[in-house]
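Protein sequence lines, in the order shown, are assigned to chains D and A.
Going by numbering that gives the first Met the number 0, the letters in the first sequence line up with residues 0 to 454, in that order.
Going by numbering that gives the first Met the number 0, the letters in the second sequence line up with residues 0 to 486, in that order.
Here a beta-carbon is modelled for each residue, glycine too, at the ideal position from N, C-alpha and C.
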Amino acid sequence: MPFIPHTETDIESMLDTIAAPSIDALFDEIPESLRIKELNVPTGMNEMEITRLMHDRAKQDGQVLNFIGAGAYEHHIPAAVWQITTRGEYYSAYTPYQAEASQGTLQLIYEYQTMMTALTGMDVSNASMYDGASALAESCLMSIRAQRRNKSVRILMPLTVHPFYRQVVTNIAGGQNLEFIEIPFDKKTGLTDLDAVKAECEKGIAAIVIPTPNFFGALEPVDELVDIAHANNGLAIAVTNPMTLSLLKPPGEWGNVEENRGADIVCGEGQPLGVPVSSGGPYFGFMCCKQAYVRQMPGRIVGRTVDLEGKEGFTLTLQAREQHIRRSKATSNICTNQGLMVTAATIYMSILGAQGLERVAASSYSNTKQLVKLLTQIDGVEPVFSGEVFHEAVVQLPKDAPTVLEALSHKHIAGGIALGEFYPEFKNCILVCATETKTEADLKLFAQELKAVLS
Amino acid sequence: MLIFEHSHTGRFAAAQAPHEVAETAIPKHLQRKERAGLPEVSELQAVRHYTRLSQKNFSIDTQFYPLGSCTMKYNPRACNTLAMLPEFLSRHPLAPVSHGQGFMQCMYELQDMLEDVTGMAGVTLTPMAGAQGEFAGVAMITAYHKARGDLERTQIIVPDAAHGTNPATAIMCGCEVIEIPTMKDGDVDFEALKKVVGPKTAGIMLTNPSTLGVFERRIKEIAELVHDAGGLLYYDGANLNAILGKVRPGDMGFDVIHMNLHKTFSTPHGGGGPGSGAVGVSKRLLPFMPIPFVKKNKEAGERQYDWVTEKELPQSIGRLSAFMGNAGVNLRAYVYARMLGKEGMQRVAEFATLNANYLMKRLADAGFDLAFPERRATHEFIVTLKKQAKELNVNAMDFAKALLDEGFHAPTTYFPLLVPECLLIEPTETEAKEELDLFVDAMVNVLRNSEKDSEQVKAAPYTTPVRRLDDVRAAKQLDVRYVPDVA
Ligand SMILES: Cc1ncc(COP(=O)(O)O)c(C=O)c1O
């Protein structure tokens, strides 16, 4: 029987021990009227058959030359990362509640927390949230809990935040009386309108969300935004791409140098750190904060301590924030997180180190620059925003964007996403991205095919 | 030793990084001044470090893991291999659907199979774990009442035996939690329930079989009572393994259910995640389902399978993840479901139940007290060590730690909270009889040792990489990141 080891002899002797006449008799507490005879699902397949089926389905999808970013980024992942991550000892282990039997996972998370605090310039990291969007929702909720004296529930949400993130935030945090105020952006630069931010601050704020690079790939005026948040007694919530932080100033250092405070909460999508784009998941959300707010942080946290012989060891700590202890008073309902993805990210960061990450980031930056240059050499294709971008940019096409993208997809090129769906005023615009995985030839091919489609 | 303690300035795995490029033109004031403090090691050093760390873990692949409510069954390797085919891994979530028909067909068929297994009218795979499935479910319940103009329904009823995520979820959805007690036989206190249902009831969250390891026998009456009062029923599907292919939550009267695919459908727990919390709904909740999920169009072609979005489902509670939820986890569940097929699914419940009842009987015969001796075990059961705690001064925690020395992962301890000194034991269907017998021997061994020398048991474990850890110190002298000594 698939995945069931019992022989006829086993079954007989076990039933004998239980003193039950049959396996069916073990279900005798279930009302007869509720029991079903048979399911409608197809009959089972063996490993050879399902292998054939899945290979056929995969082949049907094929692989395209991808220039889409928009929250999920294709990077080269060293072979060692997933070979080690899928070792049974990581892959098939449970949440490390029994610390003595889980030192591998626990130490790894402690190392991960250290790496994330190094990238973000924060004091504390948790062990992961579901994804970047849900991490932002939890960060917003946390910012309210963290300021009991601040009565405002208004959170400023720039329209340069990923549109899907904004949706997720209202869907998850909306039930708890938070108010999200949309902040417009400058149509020339693609950057958040600081005057609009200041104006909204006059009615009081709980926090300002600061996305960088923002949805358009542009680098926001983070120093000014952090200072405005703090000057108005609000918290600064950074939502960022950890890969870019190998080059960018860590959120913990944003803002006025004298004040030396930086962002208060930093979150985002961890996928660029060693996790494949894999149709949207599993990824992981990261979340870091300043020491002062650690007791309001959702999710698991690992701490270093000693055992009864004084030997160093690791354990889940501050669990009194979590649902299994605090139930309805917990900081969040999250239980299962994205542990295995964190395992991959930790190994990825260890192998590449800061130097390797810098190269990945710089190479993605320069590839995107090069791509935009090639694309805008085509007649009628124009750059849209003047702000400095990281590894993603918006360009305007002379034709309807979805139609052009569909034509490109028939040439096995995913040529970015159409912006019009999210920003109607940018109807013919596309958001493109070229990471370090793209060669000069790839970039030229894209430009050449786009030119052909447009002519 | 930490990975950081292997660091040497300037070292990194050059073969894995791209070539160096010219400096960026990022404005100086936005640039990092100092290199981030990540490890600086060779590829071999990283590989060796993380391989060695892995060896400090218990896992299903190395140990029996009778962790109640967690369904630690074997995670078939084929599921992983086939979900990690390069085409699936390299597919961008926003790539054109014409290049994802194979993947989307898998998702569609998984939705279909889960509908059948649960007896629900629709399934969405987007929630990323059980707790997010709960969130989706309760959010749909409140959206349903609101859509009907029934604005007073803000209470969610939760039994005291419920998992912590249930009340925490209700609060996140802006509801009030009303707790009801459990009776001595493990069933919900029906009379107490009667007293609290009413015009304020939004719904009730139930787990069946409950977290006490018994089937809620009056489920039909409960459903009727709550429905008559205008409330809806939420099914926490963490224990679906017990009834797979035998009984369906939809037939019991539930309006919405989450499944933990990382339990029942054998996707790995991965040291804490990722999971997948697929949600099934009855007809009346269809308009509120979270998006996106996959629909199948009549005409074949490059868009036969497509995403349902809010355009088609304007009353949807919306998107709960940036993209499509934990797609790769869902692919693993799909492979597993296809391998089991309809016969295999029923066998899951049958042999999970056989193993649990066998183990329960053997432990009872060996002198352990059961929390519900009069009841059948479902796929799990509870041993209470109240007597041992009193007479021998050895509690559930001590037992759990001593079992680690015996080479077994501990059962779930101190959950559910209402049974004192409890061990919630779930063997799952993938364990062989001889493994269960060895576990009984280990339990008996710990019991004998406790009778002989309880102090020795109280200091267990001895053979693990570390001994019992100082949790109080961990919380008081918080050390959650490595800070190098600047000597
Ligand atoms: C009964 C019960 N409900 C809900 C959950 C929460 O599921 P998850 O951890 O996938 O969020 C769990 C699992 O831990 C559980 O055992």
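Tell me which same chain residues have a C-beta within less than 7 Å of the C-beta of residue i, skipping the five on either side of it?
i: LYS450 (chain D); result: ILE377
i: THR70 (chain A); result: ASN240, LYS262, THR263, GLU425 and THR427
i: ALA136 (chain D); result: VAL167, VAL168, ILE171 and ALA172
i: GLU448 (chain D); result: LEU407, LYS410 and ILE412
i: PHE492 (chain A); result: Past the boundaries of the shown model lies residue 492 (chain A); chain A is included only from 0 to 486, so the question cannot be answered.
i: THR8 (chain A); result: GLU39
Leaving out five residues on either side along the sequence, give the residues of the same chain with a beta carbon under 8 Å from the beta carbon of residue i.
i: VAL96 (chain A); result: MET103, GLU301, ARG302, TYR304, ASP305 and TRP306
i: ILE290 (chain A); result: THR123, THR125, TRP306, VAL307, THR308, GLU309, LEU312, SER315, GLY317 and ARG318
i: PHE460 (chain D); result: Residue 460 (chain D) lies beyond the range of chain D shown here (0 to 454); nothing can be said about it.
i: HIS408 (chain A); result: PHE57, GLN62, PHE63, TYR64, PRO65, LEU66, MET71 and LEU402
i: HIS390 (chain D); result: GLY68, TYR72, PRO212, GLY216, THR243, ALA360, SER363, TYR364, ASN366, THR367, CYS432, ALA433 and THR434
i: MET156 (chain D); result: ARG165, VAL168, PHE179, ILE180, GLU181, ILE182 and VAL208
Among the options, which one has its Cα closest to the Cα of residue i?
i: ARG34 (chain D); options: D:PRO41, D:VAL40 and D:PHE26; result: D:PHE26
i: ALA369 (chain D); options: D:PHE66, D:PHE2, D:THR16 and D:ASP9; result: It is Gln, not Ala, that sits at residue 369 (chain D) in the sequence shown. The shortest C-alpha separation from GLN369 (chain D) is found at D:PHE66.
i: CYS99 (chain A); options: D:GLY273, D:GLY87 and D:MET53; result: For the record, residue 99 (chain A) in the displayed sequence is Gly; it is not Cys. Checking every option, the nearest Cα to that of GLY99 (chain A) belongs to D:MET53.
i: PRO77 (chain D); options: D:PHE2, D:GLY352, D:LEU442 and D:ASP9; result: D:GLY352
i: LEU84 (chain A); options: D:SER278, D:GLN322, D:ALA228 and D:GLY419; result: D:SER278
i: ILE242 (chain A); options: A:GLU215, A:PRO208 and A:THR266; result: A:PRO208
i: VAL157 (chain A); options: A:GLY230, A:CYS105, A:LEU88 and A:PRO17; result: A:GLY230
i: THR243 (chain D); options: D:VAL305, D:ARG148 and D:THR119; result: D:THR119
i: ALA344 (chain D); options: D:ASP15, D:MET47, D:PRO1 and D:ILE83; result: D:ILE83
i: ALA351 (chain A); options: A:LEU29, A:THR429, A:GLY271 and A:LEU93; result: A:THR429
i: ARG553 (chain A); options: D:ILE17, D:PRO4, D:GLU28 and D:MET44; result: Given that chain A is displayed from residue 0 to residue 486, the structure contains no residue 553 (chain A) and the question cannot be resolved.
i: PRO419 (chain A); options: A:ASP404, A:MET396, A:VAL195 and A:GLY136; result: A:MET396
i: LYS426 (chain D); options: D:GLU439, D:GLN146, D:ALA400 and D:THR438; result: D:ALA400
i: ILE29 (chain D); options: A:VAL280, A:ASP250 and A:ILE59; result: A:ASP250
i: ASP111 (chain A); options: D:ASN240, D:ASN39 and D:GLU7; result: D:ASN39
i: ARG375 (chain A); options: A:LYS360, A:ALA388, A:GLY129 and A:GLN387; result: A:LYS360
i: PRO477 (chain D); options: D:GLY203, D:THR188 and D:SER245; result: Summary: the structure shown does not reach residue 477 (chain D), with chain D confined to residues 0 through 454, and so no result is reported for it.
i: LYS310 (chain D); options: A:PRO38, A:VAL465, A:ARG217 and A:GLY148; result: A:VAL465
i: SER265 (chain A); options: A:VAL328, A:ILE221, A:LYS245 and A:LYS297; result: A:VAL328
i: LYS385 (chain A); options: A:THR412, A:THR377, A:ALA459 and A:ALA326; result: A:THR412
i: PRO397 (chain D); options: D:THR436, D:LYS58 and D:LEU374; result: D:LEU374
Identify the residues that DSSP records as bridge partners of residue i: which are they?
i: ASN65 (chain D); result: D:ALA413
i: HIS257 (chain A); result: A:ASP235 and A:VAL278
i: ALA117 (chain D); result: ALA117 (chain D) pairs with nothing; no bridge assigned.
i: GLY202 (chain A); result: A:ILE155 and A:LEU231
i: SER124 (chain D); result: D:CYS287
i: PHE313 (chain D); result: D:ARG303
i: VAL307 (chain A); result: A:PHE292
i: ILE182 (chain D); result: D:PRO157
i: ILE171 (chain D); result: Partner(s): none; ILE171 (chain D) has no beta bridge.
i: SER456 (chain D); result: Nothing can be reported for residue 456 (chain D), as the shown portion of chain D is limited to 0 through 454.
Using a Cβ-Cβ cutoff of less than 6 Å, which residues in the same chain neighbour residue i once the five nearest sequence positions on both sides are dropped?
i: LYS289 (chain D); result: ASP122 and ASP263
i: ALA206 (chain D); result: SER142, ILE154, GLY233, LEU234 and ILE236
i: PRO248 (chain A); result: THR117, TYR234 and ILE256
i: ALA370 (chain A); result: ILE381, THR383 and VAL418
i: ALA358 (chain A); result: Rather than Ala, the amino acid found at residue 358 (chain A) in this sequence is Leu. The answer, listed in chain order, is PRO426 and LEU435.
i: MET286 (chain D); result: ASN125, MET128, ALA134 and CYS266
i: TYR89 (chain D); result: THR342
i: GLY132 (chain A); result: PRO126, HIS257, GLY276 and VAL278
What residues from chain B crowd round residue i, counting only those whose CB sits closer than 7 Å?
i: GLU448 (chain D); result: As a matter of chain content, chain B is missing from the structure shown, whose protein chains are D and A.
Legend entry - Nearest-residue set for ligand 1, Cβ under 6 Å from any heavy atom: So the residues near ligand 1 by this Cβ test are D:CYS334, D:THR335, A:SER68, A:ALA128, A:GLY129, A:ALA130, A:HIS162, A:THR164, A:THR206, A:THR210, A:ASP235, A:ALA237, A:ASN259, A:GLY274 and A:GLY276.
Inset, instruction - Can you check the region 364-397 of chain A for any beta strand (DSSP E) of at least 3 residues that lies completely inside it and give the ranges in chain order? - result: Listed in chain order, they are 380-383.
Legend entry - Complete alpha helix (DSSP H) runs within the region 364-438 of chain D (minimum length 4 residues, chain order): Secondary structure in the region 364-438 of chain D: the alpha helix (DSSP H) runs of 4 residues or longer, each lying completely within the stretch, are 400-408 in chain order.
Legend entry - Any alpha helix (DSSP H) of 4 or more consecutive residues that is wholly inside the region 44-131 of chain A: As far as the region 44-131 of chain A is concerned, its whole alpha helix (DSSP H) runs of at least 4 residues are 76-82, 85-88 and 100-117.
Legend entry - Length-filtered (4 minimum) alpha helix (DSSP H) runs lying within the region 196-268 of chain D: 221-230, all fully within the region 196-268 of chain D.
Legend entry - Ranges of the alpha helix (DSSP H) found wholly within the region 321-355 of chain D, counting only runs of at least 4: Taking only runs of at least 4 residues, the alpha helix (DSSP H) segments lying wholly in the region 321-355 of chain D are 322-325.
Inset, instruction - Please list the segments of the beta strand (DSSP E) lying wholly inside the region 30-66 of chain D, counting only runs of 3 or more residues, in order along the chain. - result: Segments of the beta strand (DSSP E) lying fully in the region 30-66 of chain D: there are none.
Inset, instruction - May I have a chain-ordered list of the beta strand (DSSP E) segments no shorter than 3 residues that lie completely inside the region 165-195 of chain A? - result: Within the region 165-195 of chain A, the complete beta strand (DSSP E) runs of at least 3 residues are 175-179.
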